[in-house]
Amino acid sequence: MKHFLAIVALMLASTPLAAQRYVTDSVRVNGHYRAFTLYLPAGLPAGAPLVWCMHGYRKTVAKPSYFDLDAVADREKFAVCYPAGIYDSSGHYGFNVHYPKQASLTNDEVSDQCKLARWVQKRYRLSTANTFATGMSNGGDMCYLLAYRGQDVFSALAPVSGITMAWIYEGYQAPKPVPIYEIHGTADKTSRWDGDMANKGGWGAYLPLKLSMAYWIARDRCTVVEKPDTIAGKNPANGHYVVRHRFSGGTGGCQVWVDEVVGATHSWHSRDMDTGEAIWAFFKQYLK
1056 MKHFLAIVAL MLASTPLAAQ RYVTDSVRVN GHYRAFTLYL PAGLPAGAPL VWCMHGYRKT
1116 VAKPSYFDLD AVADREKFAV CYPAGIYDSS GHYGFNVHYP KQASLTNDEV SDQCKLARWV
1176 QKRYRLSTAN TFATGMSNGG DMCYLLAYRG QDVFSALAPV SGITMAWIYE GYQAPKPVPI
1236 YEIHGTADKT SRWDGDMANK GGWGAYLPLK LSMAYWIARD RCTVVEKPDT IAGKNPANGH
1296 YVVRHRFSGG TGGCQVWVDE VVGATHSWHS RDMDTGEAIW AFFKQYLK
């Protein structure tokens, strides 16, 4: 009987999932429960890549449908995890990057997300080597904090409408290079392209995007600067277009990408470009 159960367990571990599904789950991490929704495409093999997608600072947790990753995951066969932020005293769910409104939070968000990701990898038989992080707004800010802390879980990061908080820039030196891809609107009034070092917006001081990315171009030791490439947006009638900036030749193949969405405001930018497709094209280069 024991031999039979062992054979069944081995078969389950190597058998692709028959049908796509969403799984809602939670686990106790560092003394508190962290919830998430996991998207598992049909036919997903054991050891598949994992994309970690963190929502913005909200009164409700963003649904997976807000993003456009699941259709890409269906084709490319990777899982997508949507972790939920923690509810703070101002009535918002978010990831703790020390906004003034998050003063009630005391958790170490980097530790929480890394431990949660490791648990998801193990529980759902996903790759430990091919796990990547993206996020919108607060989730994008969290990507930068993960990068500066030099964690070993997420091998490339793609913040969208994200910013680097001044306290992160002033307090940390990233211990290792990491590939970074930022997508950002030039008319974003929440996470301003030109930064807000005077904290006029009330989020805390944060860097101009050009300075934020210059840090990673230098830290990754990029040696190739490509000529910017301008492409039309998905909806030309709104006057938006995308300027692609690419910096490559970095340590271990690290690249820094910036998509400057001219005229666009604070969003996931799916109205101006295929954001999920673009993010996976970046991550796919770093599959092991």
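Here the working numbering = 1-based position in the sequence shown + 1055.
Backbone N, C-alpha and C fix where the C-beta goes; we use that ideal spot for every residue, glycine too.
Residue i, enclosing beta strand (DSSP E) - first and last residue
{"i": "Ser1182", "result": "1181-1191"}
{"i": "Arg1076", "result": "1076-1084"}
{"i": "Cys1136", "result": "1134-1138"}
{"i": "Ile1218", "result": "No beta strand (DSSP E) contains Ile1218, which DSSP labels as neither H nor E."}
{"i": "Arg1089", "result": "1087-1095"}
{"i": "Tyr1154", "result": "Looking at the DSSP string, Tyr1154 is not in any beta strand (DSSP E), and its letter there is neither H nor E."}
{"i": "Val1106", "result": "1103-1109"}
{"i": "Ala1147", "result": "The identity of residue 1147 in the sequence shown is His, whereas the question assumes Ala. Looking at the DSSP string, His1147 is not in any beta strand (DSSP E), and its letter there is neither H nor E."}
{"i": "Tyr1236", "result": "1235-1240"}
Within 9 Å, strictly: CB atoms of residue i and residue j
{"i": "Ser1210", "j": "Pro1234", "result": "yes"}
{"i": "Cys1108", "j": "Gly1217", "result": "no"}
{"i": "Ala1260", "j": "Asp1251", "result": "yes"}
{"i": "Ala1103", "j": "Ala1134", "result": "yes"}
{"i": "Gln1157", "j": "Tyr1236", "result": "no"}
{"i": "Leu1262", "j": "Tyr1224", "result": "yes"}
{"i": "Val1165", "j": "Gln1228", "result": "no"}
{"i": "Leu1099", "j": "Lys1132", "result": "yes"}
{"i": "Val1116", "j": "Tyr1148", "result": "yes"}
{"i": "Thr1278", "j": "Gly1308", "result": "no"}
{"i": "Met1328", "j": "Val1316", "result": "yes"}
{"i": "Ala1101", "j": "Arg1180", "result": "yes"}
{"i": "Tyr1341", "j": "Asn1185", "result": "yes"}
Residue range of the unbroken alpha helix (DSSP H) whose run includes residue i
{"i": "Trp1345", "result": "Outside the shown range of the chain (1056 to 1343) lies residue 1345, about which nothing can therefore be said."}
{"i": "Trp1174", "result": "1164-1178"}
{"i": "Met1268", "result": "1264-1274"}
{"i": "Asp1129", "result": "1125-1131"}
When the options are compared against residue i, the one with the closest alpha-carbon
{"i": "Val1313", "options": "Asp1163, Gly1240, His1300", "result": "His1300"}
{"i": "Lys1339", "options": "Ala1090, Gly1140, Asn1085, Leu1105", "result": "Leu1105"}
{"i": "Ser1267", "options": "Asn1162, Ser1325, Ser1159, His1239", "result": "His1239"}
{"i": "Phe1302", "options": "Arg1180, Val1280, Val1317", "result": "Val1280"}
{"i": "Gly1226", "options": "Ser1246, Tyr1199, Asp1249, Gly1140", "result": "Tyr1199"}
{"i": "Asp1143", "options": "Lys1265, Pro1283, Tyr1112, Tyr1270", "result": "Tyr1112"}
{"i": "His1087", "options": "Cys1136, Leu1160, Asp1125, Arg1180", "result": "Leu1160"}
{"i": "Leu1124", "options": "Gly1331, Lys1343, Tyr1341", "result": "Gly1331"}
{"i": "Asn1290", "options": "Ala1319, Ala1336, His1110, Tyr1270", "result": "Ala1319"}
{"i": "Pro1155", "options": "Gly1256, Ala1269, Gly1294", "result": "Gly1256"}
{"i": "His1153", "options": "Asp1249, Arg1178, Asp1196", "result": "Asp1196"}
{"i": "Arg1326", "options": "Asp1080, Leu1264, Phe1122", "result": "Phe1122"}
{"i": "Ala1074", "options": "Trp1222, Phe1091, Asp1129, Trp1335", "result": "Asp1129"}
{"i": "Arg1178", "options": "Phe1337, Phe1187, Ala1287, Asp1080", "result": "Asp1080"}
{"i": "Trp1258", "options": "Trp1222, Tyr1270, Pro1283, Trp1271", "result": "Trp1222"}
{"i": "Trp1335", "options": "Gly1140, Leu1212, Asn1254", "result": "Leu1212"}
{"i": "His1321", "options": "Lys1244, Ile1141, Gly1294", "result": "Lys1244"}
Distance between beta carbons of residue j and residue i, contact taken as under 8 Å
{"i": "Pro1138", "j": "Gln1168", "result": "7 Å"}
{"i": "Trp1323", "j": "Met1191", "result": "5 Å"}
{"i": "Val1298", "j": "Thr1285", "result": "5 Å"}
{"i": "Arg1274", "j": "Pro1232", "result": "6 Å"}
{"i": "Asn1085", "j": "Asn1162", "result": "6 Å"}
{"i": "Met1089", "j": "Val1082", "result": "Going by the sequence as given, residue 1089 is Arg instead of Met. Indeed, because the Cβ distance is near 6 Å, the residues count as touching under 8 Å."}
{"i": "Pro1214", "j": "Thr1183", "result": "Not really, about 22 Å apart at Cβ, beyond 8 Å."}
{"i": "Val1208", "j": "Arg1173", "result": "6 Å"}
{"i": "Cys1136", "j": "Phe1091", "result": "5 Å"}
{"i": "His1110", "j": "Gly1146", "result": "Their Cβ separation, rounded to whole angstroms, is 15 Å, which puts His1110 and Gly1146 out of contact at 8 Å."}
C-beta neighbour in chain D for residue i, strict 9 Å
{"i": "Ser1192", "result": "Any reference to chain D falls outside this structure, which holds one protein chain only."}
Task: Secondary structure, beta strand (DSSP E): runs of 3+ residues fully inside the segment 1280-1335 - done: 1284-1287, 1296-1303, 1311-1317
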